[in-house]
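Visitor:
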Amino acid sequence: MENENSTEVTEFILAGLTQSQNIQLLVFALVLIFYLIILPGNFLIILTIRSDPSLTAPLYFFLGNLAFLDASYSFIVAPRMLVDFLSEKKVISYRACITQLFFLHFLGGGEGLLLVVMAFDRYIAICRPLHYSTVMNPRACYALLLALWLGGFVHSIIQVALILRLPFCGPNQLDNFFCDVPQVIKLACTDTFVVELLMVFNSGLMTLLCFLGLLASYAVILCRVHGSSSEGKSKALSTCTTHIIVIFLMFGPGIFIYTRPFRAFPADKVVSLFHTVIFPLLNPVIYTLRNQEVKASVKRLFSQHLA
2 MENENSTEVT EFILAGLTQS QNIQLLVFAL VLIFYLIILP GNFLIILTIR SDPSLTAPLY
62 FFLGNLAFLD ASYSFIVAPR MLVDFLSEKK VISYRACITQ LFFLHFLGGG EGLLLVVMAF
122 DRYIAICRPL HYSTVMNPRA CYALLLALWL GGFVHSIIQV ALILRLPFCG PNQLDNFFCD
182 VPQVIKLACT DTFVVELLMV FNSGLMTLLC FLGLLASYAV ILCRVHGSSS EGKSKALSTC
242 TTHIIVIFLM FGPGIFIYTR PFRAFPADKV VSLFHTVIFP LLNPVIYTLR NQEVKASVKR
302 LFSQHLA
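For the sequence shown, my numbering begins at 2 and goes up steadily by one.
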């Protein structure tokens, strides 16, 4: 006869972002407005880069993929969160929870690696300009793109495999508005110390190492362009500054969430909201606002279709 305490959990109850109805309505309105404005902007970036023959450099190829990754990433959490704001009972099945967790880390890991690839692209363009066309040829760009997708997939598979090994026998209330490792692992009815260490290594340590590596790479690049007054160097400085801003937006919340023991902190939900909804939609827009070629191409695209 099976132990009654080993009843399998088939669904989780999401606690949500806040229990205050007024705050929920305010956040719902703000996120919906933000989502409806910025998300089409990401697709506009993709369309612009795909349709403009002048935007064929590797930088724009990777920027288009960043916009695609960020738009896809925002679909994982935001739509369900908006629906849950209007629902009395916020329930997600165990399988849906694992699926959400998988895509969250698959796309998030891929984006982190994409930023590393973009840093490598800028390093070659600025510090080894004579070798740029040879190193960053189309075949190399597609190989790097495939590698980062595979890297994100492997990272996510490890996360999911560690979660699937854990037994869940109640309680089943997740203290967040979506499924992620820190909240799910706390509900396991077994000792999770070793699993937490493995997850901190897989997510936290790798996130921190990528972040520090990116900062070191851009420090080398900025030292190379510092003090230059030429137009090309000024453009390189502007591009690298934009990349650094996105790196902090991407990795700052990730380091806060994944490089510490999985204990609840008051700021967790707010940081998670920015990490999963706000910043992913903003990243490509930030790149575009600082890139004169893309802005000019967007204007031409509008002129052609409105003329």
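For glycine and all other residues, C-beta sits at the position ideal for the given N, C-alpha and C. Here the structure is a predicted model, which is why all the values come from computation and not from measurement.
If you drop the 5 nearest sequence neighbours on each side, which residues of the same chain put their C-beta closer than 7 angstroms to that of T146?
Guide: Checking the displayed sequence, the identity of residue 146 turns out to be Leu instead of Thr. Once the five neighbours on either side are set aside, the close Cβ partners of L146 are N66.
Visitor: From M119, A79 and I99, pick the residue whose C-alpha is nearest to that of P281; which is it?
Guide: A79
Visitor: Give the DSSP-derived three-state secondary structure of S52 in the structure shown.
Guide: It is helical.
Visitor: Who are I93's beta bridge partners in DSSP?
Guide: F13
Visitor: Throw me the rounded Cβ distance for the G113 and C211 pair, which I believe falls under 8 angstroms.
Guide: 5 angstroms
Visitor: State the Cα-Cα distance for the pair A30 and L290, rounded to the nearest angstrom.
Guide: 25 angstroms
Visitor: Between the stretch 16-36 and the stretch 82-92, do three or more beta carbon pairs fall short of 8 angstroms?
Guide: yes
Visitor: Could you spell out where the alpha helix (DSSP H) holding H156 opens and where it closes?
Guide: P139 to L165
Visitor: Return the CA-CA distance between S273 and I258, expressed in angstroms with no decimal places.
Guide: So the two alpha carbons sit approximately 8 angstroms from each other.
Visitor: Would T49 be called buried (16 or more neighbouring beta carbons within 10 Å of its own) or exposed?
Guide: buried
Visitor: How long is the line joining the alpha carbons of R129 and Q20, rounded to whole angstroms?
Guide: 54 angstroms
Visitor: Can you look up Q22 in the DSSP assignment and give me helix, strand or coil?
Guide: helix
Visitor: In this structure, what does DSSP give as the bridge partners for L175?
Guide: L15
Visitor: Helix or strand or just coil, what does DSSP make of L64?
Guide: helix
Visitor: Kindly indicate which residue of I38, P54 and G110 has the alpha-carbon position closest to the one of L70.
Guide: Cα-wise, what sits closest to L70 is G110.
Visitor: Would you mind working out which of F62, P285 and G255 sits nearest R140, comparing C-alpha positions?
Guide: F62
Visitor: Give me the Cβ distance between F13 and Y95, rounded to the nearest whole Å; I'm assuming they're in contact under 8 angstroms.
Guide: 7 angstroms
Visitor: Check whether the Cβ atoms of G171 and V10 sit closer than 8 angstroms, and answer yes or no.
Guide: yes
Visitor: Where do the ends of the alpha helix (DSSP H) carrying G205 lie?
Guide: It is not in any alpha helix (DSSP H) - G205 carries neither H nor E in the DSSP assignment.
Visitor: Which residue wins for smallest C-alpha separation from Q174, given the options N292, F303 and I93?
Guide: The shortest Cα separation from Q174 among N292, F303 and I93 belongs to I93.
Visitor: Where does the unbroken alpha helix (DSSP H) through S273 begin, and where does it stop?
Guide: Run containing S273: D269 to L274, per the alpha helix (DSSP H) assignment.
Visitor: Please list, in chain order, all residues of the same chain as C180 whose beta carbon is under 6 angstroms from its beta carbon, the five residues on each side excluded.
Guide: Result list for C180: C98, Q101 and L102, in chain order.
Visitor: Mapping the DSSP letters down to three states, classify C180 as helix, strand or coil.
Guide: coil
Visitor: Measure the Cβ-Cβ separation of H156 and N203 and say whether it is below 8 angstroms.
Guide: Their beta carbons are under 8 angstroms apart, which means H156 touches N203 by this criterion.
Visitor: Measuring straight from C-alpha to C-alpha, what distance separates I287 and P183?
Guide: 29 angstroms
Visitor: Suppose you measure from the CA of V201 to the CA of F263; what does that come to, to the nearest Å?
Guide: 9 angstroms
Visitor: If the criterion is Cβ atoms closer than 8 angstroms, does the pair L209 and I186 meet it?
Guide: no
Visitor: What's the C-alpha gap between V299 and L45?
Guide: Rounded to whole angstroms, V299 to L45 spans 8 angstroms at the Cα level.
Visitor: Under the three-state reduction of DSSP, which class applies to S218: helix, strand or coil?
Guide: helix
Visitor: Give the straight-line distance between the Cα atoms of I34 and N177, rounded to the nearest whole angstrom.
Guide: 22 angstroms
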